[in-house]
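Heads up: the structure comes next, in structure tokens.
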Amino acid sequence: MQEVGAFVIFFASIFTSNILLTNFLGMCSYLSVSREIKTAWGLGLAVVFVMTITCVANYLVYYHILVPLQLEYLEYIAFIIVIAALVQVVEMIIERTSDRLYASLGIFLPLITVNCAVLGAALFLIIRKYDFYQSLAYGAGSGIGWMLAIMALAGIRAKMSRRSKVIPALEGPGIVLIITGIIALGFIGFSGIVQIN
Amino acid sequence: MAVSSKKIALDGIWYNNPIFRQVLGICSTLAVTNLVTNTAVMCLGLIYTNAVSCFTVSALRTITPFRLRIISSTLIIAAYVIVLHNFLMAYLPEISAQLGPYVGLIITNCIVLGRVEAFSIQNKPIPALIDGVSSAVGYSMVLLLIAVIREGLGFGSVAGISLPFEFTKWTIMVMAPGAFFMLAIVVWIARWWGMRTEEAQKTSK
Numbered sequence: 514m515q516e517v518g519a520f521v522i523f524f525a526s527i528f529t530s531n532i533l534l535t536n537f538l539g540m541c542s543y544l545s546v547s548r549e550i551k552t553a554w555g556l557g558l559a560v561v562f563v564m565t566i567t568c569v570a571n572y573l574v575y576y577h578i579l580v581p582l583q584l585e586y587l588e589y590i591a592f593i594i595v596i597a598a599l600v601q602v603v604e605m606i607i608e609r610t611s612d613r614l615y616a617s618l619g620i621f622l623p624l625i626t627v628n629c630a631v632l633g634a635a636l637f638l639i640i641r642k643y644d645f646y647q648s649l650a651y652g653a654g655s656g657i658g659w660m661l662a663i664m665a666l667a668g669i670r671a672k673m674s675r676r677s678k679v680i681p682a683l684e685g686p687g688i689v690l691i692i693t694g695i696i697a698l699g700f701i702g703f704s705g706i707v708q709i710n
Numbered sequence: 046m047a048v049s050s051k052k053i054a055l056d057g058i059w060y061n062n063p064i065f066r067q068v069l070g071i072c073s074t075l076a077v078t079n080l081v082t083n084t085a086v087m088c089l090g091l092i093y094t095n096a097v098s099c100f101t102v103s104a105l106r107t108i109t110p111f112r113l114r115i116i117s118s119t120l121i122i123a124a125y126v127i128v129l130h131n132f133l134m135a136y137l138p139e140i141s142a143q144l145g146p147y148v149g150l151i152i153t154n155c156i157v158l159g160r161v162e163a164f165s166i167q168n169k170p171i172p173a174l175i176d177g178v179s180s181a182v183g184y185s186m187v188l189l190l191i192a193v194i195r196e197g198l199g200f201g202s203v204a205g206i207s208l209p210f211e212f213t214k215w216t217i218m219v220m221a222p223g224a225f226f227m228l229a230i231v232v233w234i235a236r237w238w239g240m241r242t243e244e245a246q247k248t249s250k
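Residue numbers (my numbering), protein chains in the order written: chain S, 514 to 710; chain W, 46 to 250.
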């Protein structure tokens with residue numbers, strides 16, 4: 514795993530090993546915040562932002578604090594605290610510096626603390642033994658991959674809500690899961706290009 | 046407590062089933078539903094985590110500051126998941142390796158935090174424990190059903206035991222899209238059933 518280049522990991526984590534479509538992470542917010550393209554875009558941006566920062570931070574915390582102290586078994590608690598603290602800091606910085614960015618991202622940031630994809634990415638990078646640049650690429654790539662998936666779904670749902678009639682029992686989560694299955698089927702087409710696991 | 050324990054239990058398992066009603070918390074567990082054994086271990090882990098977390102949060106509810114409740118609940122859940130993770134590594138090392146990061150992801154499973162936020166924080170420890178167990182059991186039943194169908198169609202076996210007849214394996218069922226389609230079908234059937242019984246009740250009145 515070590516010898517794979519950072520760019521390959523970046524590409525693979527967007528397309529072939531998409532964190533949502535192949536690892537099912539971040540499903541809750543994916544299902545509930547995909548009604549409109551605008552909100553999906555805001556949440557997507559926030560996830561890309563937070564995931565890139567937290568993957569790097571968690572890499573540093575794990576290899577420079579937990580491993581030297583032999584406290585690897587505390588990784589879950591450490592990662593959660595790092596993620597929660599970073600989200601809080603990012604929120605404060607955005608609030609002070611950019612009103613426009615805060616208006617579009619602000620409400621989504623607290624949601625991200627409990628997004629499984631963010632914690633999941635951190636755990637994957639430890640299990641797969643990525644180095645610093647690979648972790649950075651993996652974080653950014655997974656975030657972008659997640660955003661791609663939610664944007665695709667939001668676009669389809671926006672069109673569907675205007676034109677299509679769905680069977681009552683299938684409305685809401687049912688039809689969204691079927692659409693997601695079809696999107697995932699499409700993404701399997703990429704899997705011949707490069708494979709990380 | 047005006048609500049009886051039996052009602053809490055039934056609510057969690059069927060009427061308010063986390064998957065049919067809310068489609069919550071599928072993130073971490075859906076990923077392992079291509080093998081029945083892994084799903085069963087994961088579900089037992091979830092039942093344990095949900096039960097003890099609900100109980101602890103409820104027992105500590107009077108001394109937890111309101112503003113800090115989410116982070117304190119999350120840390121309580123994380124502590125129990127660490128216990129679970131170490132237990133699995135010690136006694137079931139093979140399954141633990143296959144589950145990989147998904148055991149840790151029980152922490153951010155929306156069901157655990159959802160039940161803690163919605164029920165335990167306002168109720169006494171014993172009802173909270175019952176609620177925790179029953180909603181996790183309701184959730185596990187659905188996932189085991191999905192796992193049996195996925196492994197059966199995809200590998201031609203159930204919990205590692207081959208089915209007695211031969212057929213062409215549906216490889217797609219053990220890949221990611223199969224899980225999405227199966228979950229959609231299960232949610233569809235459950236909602237259709239729910240709507241039908243509601244209508245029947247309306248007409249009988």
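Note that beta-carbon positions come from the ideal geometry of N, C-alpha and C, so glycine has one too.
| Asked | Found |
| --- | --- |
| Interface flag, residue 240/W vs chain S, CB-CB below 8 Å | yes |
| Cα-Cα separation between residue 533/S and residue 699/S, rounded to whole angstroms | 13 Å |
| For residue 148/W and residue 126/W, the rounded distance between their alpha carbons | 7 Å |
| Chain-ordered chain S contacts of residue 110/W [CB-CB under 7 Å] | Ordered by position in chain S, no residue passes the 7 Å Cβ test against residue 110/W, which lies about 16 Å from the chain. |
| The segment 661-670 of chain S touching the segment 535-549 of chain S, judged by at least three CB pairs closer than 8 Å | yes |
| Test: residue 540/S CB closer than 8 Å to a CB of chain W | yes |
| Proximal chain S residues relative to residue 251/W, where beta-carbon distance stays under 7 Å | What the structure shows of chain W is the stretch from 46 to 250, and residue 251/W is not part of that stretch, so it cannot be assessed. |
| Distance, residue 180/W Cα to residue 225/W Cα | 21 Å |
| Proximal residues to residue 87/W (C-beta, below 7 Å), its chain only, five neighbours per side dropped | 74, 77, 144 and 147 |
| Under 7 Å from the C-beta of residue 637/S: neighbouring residues of chain W | 146 |
| 7 Å Cβ shell around residue 580/S - same chain, five flanking residues per side excluded | none |
| Helix, strand or coil at residue 689/S according to DSSP, with G and I counted as helix | helix |
| DSSP three-state assignment for residue 206/W, whether helix, strand or coil | strand |
| Neighbour-count burial assignment, residue 644/S, 16 or more Cβ in a 10 Å radius | exposed |
| Three-state secondary structure (DSSP) of residue 657/S | helix |
| Interface flag, residue 682/S vs chain B, CB-CB below 8 Å | Considering every chain present, this structure includes no chain B. Its protein chains are S and W. |
| CB contact check: residue 215/W to chain S, cutoff 8 Å | no |
| Anticipated Cβ contact below 8 Å, residue 81/W with residue 203/W, distance rounded | 6 Å |
| Within the segment 65-110 of chain W, ranges of the alpha helix (DSSP H) (whole runs, at least 4 residues) | 72-75 and 81-104 |
| Residue closest to residue 592/S, alpha-carbon to alpha-carbon, out of 604/S, 629/S and 558/S | 629/S |
| Segment limits, alpha helix (DSSP H) that includes residue 140/W | 138-144 |
| Buried versus exposed, by CB contacts within 10 Å (16 or more), residue 131/W | exposed |
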